[in-house]
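Q: Residue numbering for the sequence shown follows full-length UniProt numbering, beginning at 1 and increasing consecutively.
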Amino acid sequence: MPSLFASYLRVYEPLTAFDRDRQSYWRRYVEQGRAVAPGEGPGRQRTSVIAALGAGWTRLPDLPDEAYVLETDDSLLVCPWNLRIRVAEAALNARDGVPPVLADAFVPPVLAGQARAVVEDWRSGARVLEHGVPRVHEQVATWGVPLRWFVLFDAEERHHVTLPDRRALRYRTEISKARRRSSRALSVLRKSVGEAPITEAVEEAARWLEEFHPRSVVELDYGGLVDLLSDETLAADDSPELVATGLASLSRGEAEEASAAYDKLVARWRAVQLLERCN
Numbered sequence: 001m002p003s004l005f006a007s008y009l010r011v012y013e014p015l016t017a018f019d020r021d022r023q024s025y026w027r028r029y030v031e032q033g034r035a036v037a038p039g040e041g042p043g044r045q046r047t048s049v050i051a052a053l054g055a056g057w058t059r060l061p062d063l064p065d066e067a068y069v070l071e072t073d074d075s076l077l078v079c080p081w082n083l084r085i086r087v088a089e090a091a092l093n094a095r096d097g098v099p100p101v102l103a104d105a106f107v108p109p110v111l112a113g114q115a116r117a118v119v120e121d122w123r124s125g126a127r128v129l130e131h132g133v134p135r136v137h138e139q140v141a142t143w144g145v146p147l148r149w150f151v152l153f154d155a156e157e158r159h160h161v162t163l164p165d166r167r168a169l170r171y172r173t174e175i176s177k178a179r180r181r182s183s184r185a186l187s188v189l190r191k192s193v194g195e196a197p198i199t200e201a202v203e204e205a206a207r208w209l210e211e212f213h214p215r216s217v218v219e220l221d222y223g224g225l226v227d228l229l230s231d232e233t234l235a236a237d238d239s240p241e242l243v244a245t246g247l248a249s250l251s252r253g254e255a256e257e258a259s260a261a262y263d264k265l266v267a268r269w270r271a272v273q274l275l276e277r278c279n
């Protein structure tokens, strides 16, 4: 499971995006006051996973269905945690590129087999027919924010709080706007830099958004990263604006201006990433 010094990209879907059983479950979940605030969620997720796994790390645990919830005047939107599938994927990813002896020591073959079965079932045709397209509603990035996430948001969609007992910074938008922005960005990137890694990254984000209901809400939450940044830095954050400036410059063929915006953004987030190596 990720470090608490992490950022989060979430999609909140309306209840109509879920099958009938899930709709009933999430209604009861909210009515019973069980919804978890985003500020408390990462710690709760880690605690749940560690408690369920136990010391042996020899089985894939059953984990409770939890979610973040957005309530508006006319709708209820839910961002399920999908913890079991995320743990299964993390177990398989931990074995990638690692010598078999080390992989088996860290993620035993019996656990890897269970994880593979869970992921395959999640993505299987039978599950799609029964429950609709399988969706993981939250992406996590440690020690920084992937630059492709900023493409989805506008500077005006920013909300930040710097109180003694609560600090937060997030961007939130309608999924239709996020899709349009990613589409425009892809068009500019393909024309200006071709099939570069940044183009592929933005395309991947755009494909992920297509999995969700058209009335969903997309949220970028700086999460625990706010504890690494001063109040002044949070107040001055203009990362989505820098991305928009860079893309606009590329579309006009102004390579130097685009490079300047990109370099400023990369330097800002590299400084955060380097904190991981501090003792």
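Ideal placement from N, C-alpha and C gives every residue a C-beta, glycine not left out.
With contact counted as at least three CB pairs below 8 Å, one residue from each stretch, are the stretch 205-223 and the stretch 164-184 in contact?
A: yes
Q: Classify V11: buried if its beta carbon has 16 or more other beta carbons within 10 angstroms, exposed otherwise.
A: By the 10 Å Cβ count, V11 comes out buried.
Q: Quick one: Cα of A126 to Cα of R180, how far?
A: Low confidence applies here, because A126 scores a pLDDT of 49, under 50, leaving its location unreliable and the question unanswered by this model.
Q: Report the option in S48, E204, R116, T16 whose CA atom is closest to the CA atom of D96.
A: R116
Q: Can you tell me whether P14 is buried or exposed, with buried defined as 16 or more other CB within 10 angstroms of its CB?
A: buried
Q: Here's a check: name, in chain order, each residue in its chain whose Cβ is nearer than 7 Å to the Cβ of F150, leaving out the five neighbours to either side.
A: S239, P240, V243
Q: Just tell me which of D21, L147, R167 has its CA closest to the CA of A267.
A: L147
Q: Please report the Cβ distance between F5 and L189, rounded to the nearest whole angstrom; I am assuming they are in contact, meaning their Cβ atoms lie under 8 Å.
A: No, F5 and L189 are not in contact; Cβ-Cβ is about 29 Å, not under 8 Å.
Q: Using the C-alpha atoms, what's the distance from L229 back to V161?
A: 13 Å
Q: With distances taken Cα to Cα, identify the nearest neighbour of W26 among R252, P100, Q45, A67.
A: Checking every option, the nearest Cα to that of W26 belongs to A67.
Q: Please confirm whether E257 and S251 have their CB atoms less than 7 Å apart.
A: The answer is no: Cβ separation not under 7 Å.
Q: For V145, which option in L76, D19, A103, D237 has the closest C-alpha, if you only look at C-alpha atoms?
A: D237
Q: Would you kindly check if the distance between the Cβ of A88 and the Cβ of V119 is under 7 Å?
A: Yes, they are a contact pair.
Q: Quick one: any contact between the stretch 28-41 and the stretch 62-77, if contact means 3 or more CB pairs under 8 Å?
A: yes
Q: Taking only the alpha-carbon atoms, compute the straight-line gap between A17 and E254 and give it to the nearest angstrom.
A: Taking the Cα positions, A17 is about 42 Å away from E254.
Q: Do A178 and L152 have their beta-carbon atoms positioned less than 7 Å apart in this structure?
A: yes
Q: Thinking just about the alpha-carbon of each residue, which of A105, P197, L163, R184 is nearest to the one in E232?
A: L163
Q: Roughly how many whole angstroms lie between the Cα atoms of L102 and R20?
A: 44 Å
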